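What follows is a single structure, written as structure tokens, with notes after it.
Residue numbers (my numbering): 366 to 821.
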């Protein structure tokens with residue numbers, strides 16, 4: 366399928382507006398960005414745009430492409446993630462946000478040096494950089510897949526185009542450009558999902574028919590209370606595992622937590638977190654609804670088994686082609702929706718990686734500690750470009766993935782944020798533990814083990 370000129374017009378408007386926002390904040394409104402302005406928007410942003418940016422940084426194409434597929438294949442139990450996110454938001458608001466504002470550093474990992482040691486801070490920072498770089502590369506693959514599916518463009522060309530445009534406005538405009546482009550992209554996401562739901566209901570035969578088919582197919586699941594660990598989603602696994610995941614994602618990851626420093630006060634930062642969870646719940650409900658529509662449309666002939674698609678993540682794009690494709694501009698809006706979800710995550714990720722490299726590594730390890738603000742801003746922009754190019758190259762490898770990207774993202778992020786959360790919780794609730802004592806205890810244990818081996 367090839368897009369019409371209206372569809373291309375929608376895409377050009379979205380990408381062009383993102384570039385214009387970046388140029389405006391980087392070259393017109395501010396002739397020479399300071400480091401504070403580049404990294405945290407001078408700490409003067411309003412609550413609502415910052416909350417929308419927070420939402421955009423959390424969501425990605427993995428959510429918008431993978432969420433409906435999860436409902437299509439396994440039912441609505443994954444929507445209990447909304448309650449898990451509520452738990453994570455509560456702990457973030459009460460424990461982490463006051464601490465971040467009290468420390469006043471651009472990086473959330475500065476606390477780890479004050480509480481433990483510089484070594485702990487550096488180790489956690491490196492873990493974040495490595496894993497977040499791979500994560501963003503997988504996220505970049507999402508919209509490129511959708512773009513390739515509905516236009517016939519080569520997947521490599523799609524990845525390169527999306528990555529380079531995002532890197533451009535992020536490196537030029539800094540955090541203010543990231544936040545305001547996130548606002549535009551969040552609006553596009555809501556609009557795209559709403560139109561998909563409306564036209565999906567019309568195509569299948571109405572709201573009642575969609576949910577009747579979903580109920581008959583056991584896709585509407587209200588509360589699976591079993592303790593069976595082999596089941597994909599249960600209330601307990603989602604609330605406990607998801608609650609810990611959400612706490613870590615909202616508080617211990619620089620990508621999201623950096624938004625808390627973009628507003629004036631602790632109270633404003635807490636408002637950002639609460640508004641985010643409301644908007645996120647709406648997005649997840651929309652994705653669940655689209656999943657029910659997909660099941661109602663394809664339950665008699667699964668496109669994956671019928672070889673109409675080669676990967677689960679292509680199901681939603683296929684639905685768009687068959688349902689919205691006959692309406693000029695709607696296919697372009699769908700692609701813009703997926704692009705918005707990914708570009709916002711990518712731009713936030715690049716900015717956060719730059720922040721921790723500058724604050725946690727460069728400033729703490731380089732001999733020349735005193736740098737001019739101008740030099741720091743230049744270094745930040747150069748790092749943004751280099752990291753963006755690295756992510757584009759890694760995204761090419763993601764094109765060989767075969768699983769649902771939502772599952773891949775959850776597995777990837779879940780592999781490294783629990784240890785980071787554990788370090789923070791240890792600092793909060795175990796006052797007698799410090800890095801020196803922990804090292805001494807390990808050495809003592811090694812000596813005891815060696816002595817026991819000699820005795821044997």
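Cβ coordinates follow ideal geometry from the N, Cα and C atoms, glycine included.
These numbers come from a predicted model, not from an experiment.
- Annotated three-state conformation of residue 424 is coil, per DSSP.
- In the three-state scheme derived from DSSP, where H, G and I count as helix and E and B as strand, residue 676 is classed as coil.
- When DSSP states are grouped into helix, strand and coil, residue 603 belongs to the helix group.
- A straight-line Cα-Cα distance of about 9 angstroms links residue 648 and residue 554.
- Separation of residue 606 and residue 666 (C-alpha to C-alpha, rounded to the nearest whole angstrom) is 34 angstroms.
- For residue 566, same chain residues with a beta-carbon under 8 angstroms away, outside a window of 5 residues either side, are 572, 575 and 658 in chain order.
- The shortest C-alpha to C-alpha distance from residue 755 to any of 426, 371, 602 and 711 is the one to 711.
- Residue range 631-663 is occupied by the alpha helix (DSSP H) that includes residue 641.
- A contact is defined here as three or more CB-CB pairs under 8 angstroms, and the stretch 376-385 fails this definition with respect to the stretch 590-606.
- A contact between stretches requires three or more CB pairs, one per stretch, nearer than 8 angstroms, and the stretch 709-727 fails this requirement with the stretch 686-693.
- Assignment of residue 700 by DSSP, reduced to helix, strand and coil, places it in the helix class.
- Per DSSP, residue 795 lies in no alpha helix (DSSP H) and is assigned neither H nor E.
- Taking the C-beta atoms as reference points, residue 437 is found no nearer than 8 angstroms to residue 690.
- Counting along the chain, no alpha helix (DSSP H) covers residue 445, and no H or E run does either.
- With contacts defined as CB atoms closer than 8 angstroms, residue 653 and residue 441 qualify as a contacting pair.
- Going by DSSP, residue 560 is part of the alpha helix (DSSP H) stretching over 520-569.
- If you check the CB distance, residue 375 and residue 645 do not come in under 8 angstroms.
- Within a 10 Å sphere around the beta-carbon of residue 513 sit 16 or more other beta-carbons, which makes this residue buried.
- Looking at 432, 540 and 741, the one whose alpha-carbon comes closest to that of residue 620 is 540.
- At the C-beta level, residue 415 and residue 642 stay beyond 8 angstroms of one another.
- Inclusion of residue 408 and residue 548 in the CB contact set at 8 angstroms is not warranted, their separation being larger than that value.
- Sequence-distant Cβ neighbours of residue 534 in its own chain, meaning closer than 6 angstroms and more than five residues away, are 383, 384, 387 and 542.
- For residue 623, no alpha helix (DSSP H) segment is defined, and its DSSP state is neither H nor E.
- Under the Cβ criterion (8 angstroms, minimum of three pairs), the stretch 713-730 counts as touching the stretch 743-752.
- Approximately 4 angstroms separates the beta-carbon atoms of residue 578 and residue 661; this is inside 8 angstroms, confirming the contact.
- Counting the other Cβ atoms within 10 Å of the Cβ of residue 609 gives 16 or more, which makes it buried.
- In this structure residue 786 touches residue 617 by the C-beta definition: roughly 5 angstroms separates them, less than 8 angstroms.
- Excluding its 5 nearest sequence neighbours in each direction, residue 413 has C-beta neighbours in its own chain below 8 angstroms: 640, listed in chain order.
- Annotated three-state conformation of residue 575 is helix, per DSSP.
- The beta carbon of residue 557 sits closer than 7 angstroms to those of 698, 699, 701 and 702, all from its chain and outside the five residues before and after it, given in chain order.
- For the pair residue 715 and residue 570, the Cα-to-Cα distance works out to about 43 angstroms.
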